[in-house]
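Take a look at the structure below.
2 protein chains.
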Amino acid sequence: MLCGGWGFRFLQLADGRRQILSFLLPGDLFSVASVFEERFHFSVKALTAVQISTMRRSEVQLRLTENPTLISALAKTCAAEAQSSDYIIAALGQCSAEERIAFLLVQLMKRIAARNVIREHTYPFPLRQQHIADAVGLTSVHVSRVLGAFRDRGIVEMSNGTLRVTDLNELKHLAHCTGQ
Amino acid sequence: MLCGGWGFRFLQLADGRRQILSFLLPGDLFSVASVFEERFHFSVKALTAVQISTMRRSEVQLRLTENPTLISALAKTCAAEAQSSDYIIAALGQCSAEERIAFLLVQLMKRIAARNVIREHTYPFPLRQQHIADAVGLTSVHVSRVLGAFRDRGIVEMSNGTLRVTDLNELKHLAHCTGQ
DNA sequence: CGATCGGTTGATATGAATCAACGTGCGTGG
DNA sequence: CCACGCACGTTGATTCATATCAACCGATCG
Numbered sequence: 003m004l005c006g007g008w009g010f011r012f013l014q015l016a017d018g019r020r021q022i023l024s025f026l027l028p029g030d031l032f033s034v035a036s037v038f039e040e041r042f043h044f045s046v047k048a049l050t051a052v053q054i055s056t057m058r059r060s061e062v063q064l065r066l067t068e069n070p071t072l073i074s075a076l077a078k079t080c081a082a083e084a085q086s087s088d089y090i091i092a093a094l095g096q097c098s099a100e101e102r103i104a105f106l107l108v109q110l111m112k113r114i115a116a117r118n119v120i121r122e123h124t125y126p127f128p129l130r131q132q133h134i135a136d137a138v139g140l141t142s143v144h145v146s147r148v149l150g151a152f153r154d155r156g157i158v159e160m161s162n163g164t165l166r167v168t169d170l171n172e173l174k175h176l177a178h179c180t181g182q
Numbered sequence: 003m004l005c006g007g008w009g010f011r012f013l014q015l016a017d018g019r020r021q022i023l024s025f026l027l028p029g030d031l032f033s034v035a036s037v038f039e040e041r042f043h044f045s046v047k048a049l050t051a052v053q054i055s056t057m058r059r060s061e062v063q064l065r066l067t068e069n070p071t072l073i074s075a076l077a078k079t080c081a082a083e084a085q086s087s088d089y090i091i092a093a094l095g096q097c098s099a100e101e102r103i104a105f106l107l108v109q110l111m112k113r114i115a116a117r118n119v120i121r122e123h124t125y126p127f128p129l130r131q132q133h134i135a136d137a138v139g140l141t142s143v144h145v146s147r148v149l150g151a152f153r154d155r156g157i158v159e160m161s162n163g164t165l166r167v168t169d170l171n172e173l174k175h176l177a178h179c180t181g182q
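In order, the protein sequence lines correspond to chains F and C. Offset between the first sequence (1-based) and my numbering: plus 2. Offset between the second sequence (1-based) and my numbering: plus 2.
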């Protein structure tokens, strides 16, 4: 479990291409489903300084048998992960560059807001453009152009490790391609 | 649970675009994770004549508490689903049209072979090109061109509801972009 | 002070989408 | 039994979105 800082899960392809699968925020398990795997099938990397707390899989499983309500909590989170994966698949398969980036930003904003007090529509946001690129399947050059366009249109501004949202409605509208 | 025939899970976007999330073969639960959801977050459609067997979620959950080994079976399947989603995300985000189609075919071939005796490298395969297109995020026109190229290169041939593989190595090689 | 990293911008290339036409097989209704 | 319509696949011409290549800039850091 990630207790502090940001990280991400990713898959590295044979030829070096990298797909970011999800970003990890404080309180996140690396992956609920992988509590039941022998080993992770993905890699994890820190984005900022992080704090990690670990527990042996065997111990987790022991506690689960002792405490059945834990199981249902874990199951719910697992279902949520599956749902989130499905929406990401739809976004990557069907949406344009703008839509995908807007979708990623909206999803992340929700999760950041659940952990931080947000003032002035300004979110702590340690991603580099390359991370966005690897998460939505674009090049960083193109991400730069799209974010530039968002800035010019007064939608969002990314700088200094923060994200400032100046037109939330328009951003959500662009992201709406997948429901919620 | 799907007992006979083929189907698929999909998400329909607001503007009509459709993303196929997975194909369902005999023996598949629609989605393991959604045993714990209130409702499906996706839609399901039959591809052929199908037979369906259903059980109330409450009853599944009852049996799970009675029989803890069931839980671990379900958990394993859930982890496998999550892993599969991750590979699909990587394929959609990073791979070319050829690679994505090859990847889909290889994955499906494995699952078909687990349920059927395969002779002459010929697999029962009821998908239309439009289904492939919606699964890998391409247009059916482009799928037609890529499959035509595969046919000309002597890799695979799709016709009459069957898939004949004439160069499995080359197909796997094209699909290798994501490890297995 | 130079090196490196992250971001921006321009020119060009390319993979896939789009638009359109056509063929073929098949089911249906006359 | 035939004629029609429709779904599916194929093919060509063209357009468009995104990648690629390259140069440059500013900030940061050793």
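Just so it is clear, CB atoms sit at the ideal spot from N, CA and C, and this is done for glycine as well.
Does the beta carbon of residue i come closer than 9 Å to any beta carbon on chain F?
i	result
tyrosine 125 of chain C	no
aspartate 30 of chain C	no
isoleucine 134 of chain C	no
threonine 67 of chain C	yes
lysine 78 of chain C	yes
aspartate 154 of chain C	no
alanine 116 of chain C	no
valine 138 of chain C	yes
valine 200 of chain C	Outside the modelled stretch of chain C, which goes from 3 to 182, sits residue 200 of chain C, for which no answer is possible.
To the nearest angstrom, how far is it from the Cα of residue i to the Cα of residue j?
i	j	result
cysteine 80 of chain C	valine 34 of chain C	6 Å
aspartate 88 of chain F	glutamate 122 of chain F	32 Å
valine 138 of chain C	asparagine 118 of chain C	25 Å
valine 52 of chain F	tyrosine 125 of chain F	18 Å
leucine 72 of chain F	asparagine 171 of chain F	38 Å
alanine 99 of chain C	glutamine 14 of chain F	19 Å
lysine 174 of chain F	phenylalanine 105 of chain F	8 Å
alanine 151 of chain C	valine 143 of chain F	31 Å
leucine 66 of chain F	alanine 77 of chain C	12 Å
proline 70 of chain C	leucine 140 of chain F	44 Å
serine 161 of chain F	cysteine 5 of chain F	25 Å
glycine 18 of chain C	valine 62 of chain F	43 Å
isoleucine 120 of chain C	glutamate 159 of chain C	15 Å
methionine 57 of chain C	leucine 107 of chain F	38 Å
threonine 168 of chain F	arginine 130 of chain F	20 Å
alanine 16 of chain F	serine 146 of chain C	27 Å
arginine 153 of chain C	leucine 165 of chain C	11 Å
leucine 94 of chain C	histidine 178 of chain C	14 Å
glycine 29 of chain F	serine 55 of chain F	10 Å
arginine 1 of chain F	phenylalanine 25 of chain F	As displayed, chain F neither begins before 3 nor continues past 182, which places residue 1 of chain F out of reach and without an answer.
leucine 149 of chain C	aspartate 136 of chain C	15 Å
arginine 59 of chain F	phenylalanine 42 of chain F	11 Å
alanine 115 of chain F	glutamine 132 of chain F	23 Å
leucine 176 of chain C	leucine 31 of chain F	34 Å
According to DSSP, is residue i part of a helix, a strand, or is it coil?
i	result
isoleucine 120 of chain C	coil
alanine 51 of chain C	coil
glutamate 100 of chain F	helix
glutamate 159 of chain C	strand
leucine 107 of chain F	helix
phenylalanine 152 of chain C	helix
proline 128 of chain C	coil
phenylalanine 25 of chain C	strand
glycine 6 of chain F	strand
phenylalanine 42 of chain F	coil
leucine 140 of chain C	coil
valine 167 of chain C	strand
leucine 13 of chain C	strand
arginine 19 of chain C	coil
serine 146 of chain C	helix
Determine, for residue i, whether the minimum Cβ-Cβ distance to residues of chain C falls below 9 Å.
i	result
proline 70 of chain F	yes
arginine 113 of chain F	no
cysteine 5 of chain F	no
alanine 84 of chain F	yes
alanine 51 of chain F	no
histidine 178 of chain F	yes
glutamine 109 of chain F	no
serine 33 of chain F	yes
leucine 27 of chain F	no
serine 74 of chain F	yes
lysine 13 of chain F	What sits at residue 13 of chain F in the sequence shown is leucine, not lysine. Taking Cβ atoms only, chain C reaches closer than 9 Å to leucine 13 of chain F, which makes this a yes.
glycine 9 of chain F	no
arginine 59 of chain F	no
arginine 130 of chain F	no
Below 8 Å on the Cβ atoms is my contact criterion, and I expect residue i with residue j to pass it. Report the Cβ-Cβ distance as a whole number of Å.
i	j	result
glutamine 96 of chain C	glutamine 109 of chain F	Actually they do not touch by this definition, with Cβ atoms about 20 Å apart.
valine 11 of chain C	leucine 27 of chain C	Just to set this straight, residue 11 of chain C is arginine in the shown sequence, not valine. Not a contact, Cβ separation roughly 12 Å.
glycine 9 of chain C	valine 46 of chain C	6 Å
proline 128 of chain C	leucine 49 of chain C	5 Å
glutamate 83 of chain F	alanine 84 of chain C	6 Å
With a threshold of 8 Å (Cβ to nearest heavy atom), would residue i be considered close to the ligand GDP?
i	result
glutamine 131 of chain C	With respect to the ligand GDP, the structure shown offers nothing to examine, as it has no ligands at all.
Unbroken stretches of the alpha helix (DSSP H), 4 residues or longer, contained in the region 48 to 94 of chain F:
Qualifying alpha helix (DSSP H) stretches, in chain order: 59 to 68.
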